[in-house]
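1 is the number of the first residue of the sequence shown in UniProt numbering; add one for each residue after it. Built from N, CA and C at the ideal position, the CB exists for glycine as well. Okay, so here's the structure we're looking at.
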Amino acid sequence: MWLLLLSFAVTLIGITLAPARAADPSAVLAERAEVGFQTLSNNNGLSNNTVMALAQDQTGFIWIGTLGGLNRFDGYATRTFEHDPNDPGSLPNGFVRTLLPASDGGMWLGTHTAGVAYYDPRSDRFTALGSGPDGLGHVQVYALAPDGEDGVWVANVAGLDHVGRDLRVRERVRSGEKGFPAGYVFAIFRDRAGTLWAGTEKAVVRRPAGADRWQTLGTGDADSAQALATGSWSFFEDPAGRMWIGTNGGGIVSVAPGEDKARSHTALTGSDTPLGRATVRGMVEARPGVLWISLFGGGVVEYDIGQDRIRLFRADPNVPGALKGNFTRGIIKDRGGVVWVATNMGVAWHNSVPSGIASIALGQSRGFSARDAWSLWTAPDGGLWLGMDDGGLDRLDLSSGHITPFGRNAAARSALVGTPVYAIRGTEKGEVWVGSAGLSRLRPAAGERTPQPFPLPGTKGRDITTMRVGGDHLWIGTYYGLLRQSLSDGQTTSFTADPARPDSLSNNEVWAILPRSDGTAWVGTANGLNLLQPDGTFRRFHREVNRPGSLPHDYVAALTLDSRGRLWLGTTGGGVALMVREPTEDQPPVFRTVTRQHGLPSNTIASLLPGSDGRIWVSTDNGLAAIDPDDFSVSLLDRGVAETITSYLPGSATTLPDGGLVFGGSNGITLVQPQRIRAHAYLDALAVTRVVAGGQPVNASALNVPDTPAKVHLPPGNRRLTVEFALLDYAVTDNVRYLYRLDGFDTDWTAPEGEHRVAAYTNLPPGRYSLSLRALAPDGVVVAERSISIFVPYLWHEWGWVRFLGLAVALSAGAGIVMMLERARIEKLSAAKRELEAKVEERTASLRDANDRLAELATRDPLTGIHNRRAFMERLDQEWSAALRHGQPFCVLMLDLDHFKEVNDTYGHLVGDTVLREVAERAQSALRDTDMLARYGGEEFVVLTSHTDAAQAQVAAERIRIAVSQTPVMLDGVVIQVTVSIGVSQAAPHRETQTALFNRTDNAMYAAKAAGRNRVVVG
């Protein structure tokens, strides 16, 4: 069966108290949904895994304070700030305990040993205030709160200090002064009315706006008094004005608007609640009426205020999408609705905005027989049947939520033991047909608890790949052909491939069947699309390289119809195709193709389902997507939702009675409710993240400061410009496309290549320009845009008056020379002629050398120094002609770096460029002098090996693979393991085009990736 099972993520199931029963099937299934977290750690860019604090600045960046440095995250990459003892403007201390966004666009931070500091984006520098007579009471800062103006309240070991933007202390509050209690101050908060709340070791005190004295918060019951006596570490004011107070082991209490006493909550207050004795380090309202609570040692707790209901999200190493650590020290909600959690294993984040998409983990710990959902089927009686690995077969009742096992767990002896259940289908008689290693039948109404082997000829011991019911027939796909069984009389017809008959099935490996109302069927195989005709013969349709609109790939793995009755098919390697014109007697069909280039997460398609929203939903080996059938725009499943399951299994999909769509994958299933999906409200937060002008870094932070002109001046003499940018909308990172245009230089918009959000220019002419940046939704609508003024100065010799003066001098000198030559014309004619000829020859030679150098530069990749695509295509034409004339063999190799996006995302594009150069050098060292290595684009390279057959080229490819992977790339102490997947094809010029050769080689390369990467596949 399908070998491409990529790693996926599944989140920790919530422990729910007193669950409410939902009314519709999708809601019942959604009750089992996981909460999936993405994680940023030191594996992908974070300076230290112990995260102490989180904040979002005015621009939209997420700031992350850790035990070892300060980080700024833009959704794609991090920028790290570290302490440099030789730089007074650097981060004053690497142990950042707390963060607070400043009203002017900067960032306040409290440190462990250096007091409070302010980061100014205008200068990209830090200014600190330590302890002392004119400073803080103590350098160890626990919390920060705004003062309502330009300053900040600092909670520290000695008490409270009010610090202005000028880093001068305006007010000091110490133990015993004006009603302030003794002890450390762990928390400080300013509510919307201007009241200050302070949490200390033993009490909570308040000071209303304009007041001079502090008031101790009273308690309305013994539980709240006991809780506050443990110390208070966090505050949160909900939209209704209620203040929630998190304590140091006593849970949470609250204060209603207008009241002066704290009240306890049955589910939240006291050490005997699910919160236990963990310290409450922060709270946010994840959804209206639902709090998310950060616990130090207890993970995250979800509390439904209206339902008085608790869910726990805790670390589980067996669940990839769970929190990675239970010791959480803070929680925030950004402007787009994404919740961020500071843990001891990095930053976890989850999009809390209801999306209509949820994933459900399987496995015995969840009540299911197994973990991988190989097949799905929805029965008319409201049961969801799941075929799983190792013979697991379960029925989930979509009204009660009850799970009944029918596979290997239902009986000691089962026909399904040891083999995945690849297909399930039922009939109107109540029979359930099960495809595994052979065909089985289950009759639940007759009391059967496990499927019984069914002796259908051609199926015994053979894997069933797919099944469909159409009319009176059960259609069965296998590795050995197609079977059609009559459900009324049991008569079976077998269809197989016959090389001698062009009207037979094109290939015996059947992956998709779509019965038609007239008794015919569309059949997708590993080698072509087939139409079974009424007379039992087939029409075959294949990929034709030279015919636009042909099948995009011969491996057809999925078939479905949209609401207009049009045929959609999914391929393994060629993406998705819509049949826009059906075949006629003398004309083949015409297809419109959607691939990775159009936004799909992968060209390897697992299943297709039409949604009630009109879109075609696509599961792949790398996540879910939806295709708009009108404009063919692609929307990716948000990473925050997709983190639970990213690898889906072929043919595993079903539609629920209420229109919900279910896709099966490794370790679980994903529910899509198209009717609940709403268009995302994109944030207008397009930021500049990095600028290099004339080879020198420029303070990009200053370009994002509100009400400040965004200008970049290039230094004289170096006219290279690089600008990186990102939309700071973390809920839709994967669903954003970018464009840029340098007005005054470019005529059209440019789309950055791949994941790179970079506008790059070299050798710009002098002048003033405007760099326009755009972020677009998948349908092409511009959701955010901004511009930056660019100035390229003139060199002295480029100024107009200098050029005019130079021209005048040249003309004057030229006139004098003419007069001299005229006077000496006769006597020096011979000498002048010889001198002229010599100069002509010298200049001709110089020009020839210059042209040779230009020609060489035109054929070289500027980053790696190896040949570029243009040079490769010229060499290919030469080899192609030689092969046609003399039969001279040659091969093409396509190389693609594995997981290169992670290198760029983790270490930045400068490191990525260095890795590309290193790979090029290693690959070149493994080749002969007669071979050509070229950069094909992005992280792809191509090799031409002359006078070689496929076997010899495979050996060369292995040399390259070993040369690239055997030694990690070392960069400034960072170790980067680099591997490459290689496809190899021997050219056949007499029977294929160059495009066909590239397609074969490209498919072989992706087959290498599908087989696990870091390998060679011959196509």
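Local Cβ density within 10 Å of residue i, reported as buried at 16 or more and exposed below that
i              : result
glycine 640    : Caution applies to glycine 640, whose pLDDT of 49 falls short of 50 and renders its modelled position unreliable; the value that the coordinates give is listed next. Glycine 640 comes out buried.
residue 1023   : Any answer about residue 1023 is impossible in this case: the structure gives the chain only from 1 up to 1019.
aspartate 729  : buried
alanine 412    : Residue placement at alanine 412 cannot be trusted, given a pLDDT of 42 that sits under 50; what the coordinates show is reported in the next sentence. Its Cβ having fewer than 16 others within 10 Å, alanine 412 is exposed.
leucine 615    : As written in the sequence, residue 615 is arginine, which differs from the leucine given in the question. The residue in question, arginine 615, is buried, as its Cβ has 16 or more Cβ neighbours within 10 Å.
glutamate 879  : buried
lysine 324     : buried
methionine 970 : exposed
isoleucine 962 : exposed
glutamate 798  : Since pLDDT at glutamate 798 reaches only 48, below the 50 mark, its modelled position is unreliable, and no value is offered.
glycine 1019   : buried
valine 818     : Because the pLDDT at valine 818 is just 49, under 50, the model does not fix this residue reliably, and the point stays unresolved.
asparagine 43  : exposed
tyrosine 907   : buried
proline 552    : buried
aspartate 489  : exposed
Reference residue i, options the options, closest by Cα
i              : options                        : result
threonine 216  : Thr560, Phe180, Leu386, Ala114 : Phe180
aspartate 124  : Ala702, Ala685, Asp472         : Ala702
asparagine 603 : Thr572, Gly89, Ala512          : Thr572
glycine 94     : Ile62, Thr50, Gln56            : Thr50
tyrosine 476   : Glu448, Gly490, Ile513         : Here the sequence assigns isoleucine to residue 476, which means tyrosine is not the residue at that position. Of Glu448, Gly490, Ile513, the residue nearest in Cα terms is Ile513.
threonine 279  : Ala286, Gly270, Arg449         : Gly270
histidine 162  : Ser103, Ser175, Glu177, Ala145 : Ala145
alanine 777    : Asn508, Asp631, Ser652, Gln675 : Asp631
arginine 329   : His402, Gly367, Ser234, Asp212 : Ser234
isoleucine 645 : Asn71, Gly321, Tyr1006, Asp57  : Gly321
threonine 747  : Leu771, Tyr738, Asp734, Asn735 : Leu771
arginine 32    : Ala446, Asn508, Asp397         : Asp397
residue 1020   : Val421, Thr993, Gln56          : The displayed coordinates of the chain run from 1 to 1019. Any statement about residue 1020 would go beyond what the structure contains.
Beta-carbon proximity of residue i to residue j, cut-off 8 Å
i                 : j              : result
glutamate 237     : aspartate 304  : no
alanine 1004      : glycine 983    : yes
glycine 599       : leucine 569    : no
tyrosine 555      : alanine 521    : no
arginine 596      : glycine 575    : yes
threonine 266     : asparagine 248 : no
threonine 722     : valine 692     : yes
leucine 578       : arginine 564   : no
threonine 98      : glycine 110    : yes
glycine 492       : proline 457    : The sequence given here has threonine at residue 492, not glycine. Their beta carbons are under 8 Å apart, which means threonine 492 touches proline 457 by this criterion.
alanine 726       : aspartate 260  : no
asparagine 326    : glycine 299    : yes
serine 981        : arginine 935   : no
methionine 283    : glycine 250    : no
phenylalanine 872 : methionine 932 : yes
Extent of the continuous beta strand (DSSP E) to which residue i belongs
i             : result
valine 1017   : 1016-1018
leucine 54    : 51-56
glutamine 673 : Note, glutamine 673: premise wrong, no beta strand (DSSP E); not H, not E.
arginine 462  : No beta strand (DSSP E) holds arginine 462; DSSP gives it neither H nor E.
serine 264    : 261-269
alanine 512   : 510-515
residue 1037  : The structure shown does not extend to residue 1037, since the chain is modelled only from 1 through 1019, so no value can be given for it.
glycine 623   : 623-627
histidine 473 : 473-478
Test: residue i CB closer than 8 Å to a CB of chain B
i           : result
proline 444 : Protein chains in the displayed structure number just one, and chain B is not present.
>> With a threshold of 8 Å, are at least 3 pairs of Cβ atoms found where one atom belongs to the region 704-718 and the other to the region 744-758?
In response: Flag = no, the region 704-718 and the region 744-758 do not touch.
> How about the region 110-121 and the region 940-950: do they share at least three Cβ pairs that are nearer than 8 Å?
Replying inline: Verdict: no, contact absent.
> Are three or more beta carbon pairs between the region 653-662 and the region 325-339 nearer than 8 Å?
Replying inline: Flag = no, the region 653-662 and the region 325-339 do not touch.
>> Whether or not the region 661-679 and the region 615-628 are in contact is what I'm after, with contact meaning three or more pairs of Cβ atoms, one per stretch, closer than 8 Å; do they touch?
In response: Short answer: they touch.
> With a cut-off of 8 Å, do at least 3 Cβ pairs link the region 58-71 to the region 425-436?
Replying inline: Taking a cut-off of 8 Å on C-beta distances, the region 58-71 does not touch the region 425-436, as fewer than three cross pairs fall below it.
>> I want to know whether the region 678-689 touches the region 775-795 - three or more CB-CB distances under 8 Å.
In response: A contact exists between the region 678-689 and the region 775-795.
> If you pair each beta-carbon of the region 135-142 with each one of the region 152-170, do three or more pairs fall below 8 Å?
Replying inline: Three or more Cβ pairs drawn from the region 135-142 and the region 152-170 lie within less than 8 Å of each other, which places the two stretches in contact.
>> Contact between the region 728-745 and the region 80-89 is defined here as three or more beta-carbon pairs at a separation below 8 Å; is this criterion met?
In response: As far as the Cβ criterion goes, the region 728-745 does not touch the region 80-89, which means the pair count is below three.
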